[in-house]
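Engineer: My questions will all concern the structure given below.
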Amino acid sequence: MDLPTEKMIGKKIGGVGHMIFNQPEKRNATSLEMWQAAKIILDDFAADPNIRCLVLSGAGDKSFVAGADISQFEKSRSDANAAAEYERISAEGKQALNDFSKPIIAKIQGFCLGGGLVVAMAADFRICSDDSQLGVPAARLSIAYSYDAIRRLCSLVGPSYAKDILITARRIQANEALRIGLVNRVVTAADLDMAVAEYTDAIEENAPLSMHASKLTVTEILKDSKDRDMAAIDEIGRICFDSNDFKEGRTAFMEKRKPVFTGT
Ligand code: COA
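Its first residue numbered 3, the sequence shown is counted upward by one per residue in this note's numbering.
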């Protein structure tokens, strides 16, 4: 892959695509060129049938992603117009993440703040080490967190904790994050890779179309009812029943063996 920056890494290990935010000296704060690279990486993973899921992580052991790179704000987000232009350029990468149809796991160690939490919330599961801290410092910068980000936060923790997190801008420790539903699992830093591998191993064995159907349906449920694409839900249901993998699934069950799914 030819990427515009080394601050974003894409690598494939078996059936797992890894995208790593790689600016550890700035706690993996995100910049425009990182989002441009993300688009290239995610398009490649999406088109590769051997890639069954995506793991997002930050380089080093101090931080997942500490939000957008504040040192670029003066130049690229100094007012509403400049911020809109920044959003336009970074939008393709962010959209590619939101549209990614295969399961996504956020492997969180250390700081997961602001835009970093938006990245983590774009994942289907968040697994974090017990030394992680999550939060939204927007109130400390006089930034309004976006509609989509707040909607996602509300869908995970409910409106009361969403306001608590946003208005106090306090950092949530891993165990509180687990209790309020912001993350799915908390493990020690030493066990983090193993915990993520449990998820990726299960995903690599499961039927891709069925997982896609679940992800799509939950996404539609979370939309306003007027925007909900019920036709897409019906269609993926039909595709699953007509798939080779459905035949393989029931045959393997009857033959008392593990199914081998191809995503067709
Ligand atoms: N943008 C730009 N630089 C960042 C950054 C960000 N979001 N987060 C961290 N950095 C930089 C720091 O400026 C510092 O750079 P320096 O070594 O040149 O001084 C370096 O990363 C290390 O950060 P530091 O604050 O010294 O480390 P820490 O471990 O004490 O604290 C954080 C880490 C993440 C808690 C703290 O840096 C922080 O609060 N960052 C801002 C988070 C934020 O507001 N994000 C939302 C942006 S919209």
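Even for Gly, the Cβ is constructed at its ideal location relative to N, Cα and C.
Who are the Cβ neighbours of Ala171 in its own chain at under 8 Å, not counting the five residues just before and after it?
Structural biologist: Gly137, Val138, Pro139, Ala140, Ala141 and Arg142, listed in sequence order.
Engineer: Taking the alpha carbon of Met10 as the reference point, which residue from Gly17, Thr32, Gly16 and Val18 has its own alpha carbon closest?
Structural biologist: When only C-alpha atoms are compared, the closest one is Thr32.
Engineer: With distance defined between alpha-carbon atoms, name the residue in Ser134, Arg128, Ser245 and Ala82 nearest to Arg29.
Structural biologist: Arg29 has its Cα closest to that of Ser134, out of Ser134, Arg128, Ser245 and Ala82.
Engineer: Please state whether DSSP places Val262 in a helix, a strand or coil.
Structural biologist: DSSP places Val262 in coil when its eight states are reduced to three.
Engineer: From what residue to what residue does the alpha helix (DSSP H) around Gly137 run?
Structural biologist: Not the alpha helix (DSSP H): Gly137 falls in the beta strand (DSSP E), residues Gln135 to Gly137.
Engineer: How do the segment 105-116 and the segment 59-74 stand: do at least 3 beta-carbon pairs fall below 8 Å, yes or no?
Structural biologist: Result yes; three or more Cβ-Cβ pairs closer than 8 Å.
Engineer: What number of angstroms, rounded off, separates the C-alpha of Met21 from the C-alpha of Phe255?
Structural biologist: Straight-line Cα distance between these residues: approximately 35 Å.
Engineer: Who sits around the ligand COA, taking every residue whose Cβ is closer than 5 Å to one of its heavy atoms?
Structural biologist: With the cut-off at 5 Å, the residues found are Lys28, Arg29, Ala31, Ala68, Gly69, Ala70, Asp71, Ile72, Ser73, Phe113, Leu115, Gly116 and Pro139.
Engineer: Any chance the segment 159-174 sits against the segment 88-102, with 3 or more Cβ pairs inside 8 Å?
Structural biologist: The segment 159-174 vs the segment 88-102: no contact.
Engineer: Just to confirm, is the Cβ distance from Val198 to Ile107 under 8 Å?
Structural biologist: Cβ distance < 8 Å, so Val198 and Ile107 count as in contact.
Engineer: Going by CA-CA distance only, name the one from Ile91, Leu224 and Tyr147 that's closest to Ile169.
Structural biologist: Taking only the C-alpha atoms, the option nearest Ile169 is Tyr147.
Engineer: Under the three-state reduction of DSSP, which class applies to Lys104: helix, strand or coil?
Structural biologist: Looking at Lys104 - three-state DSSP - the assignment turns out to be coil, as it is neither helix nor strand.
Engineer: Run through DSSP, which three-state label would Val57 get?
Structural biologist: Reduced to three states, the DSSP call for Val57 is strand.
Engineer: What number of angstroms, rounded off, separates the C-alpha of Glu206 from the C-alpha of Tyr163?
Structural biologist: Rounded to the nearest angstrom, the two C-alpha atoms are 34 Å apart.
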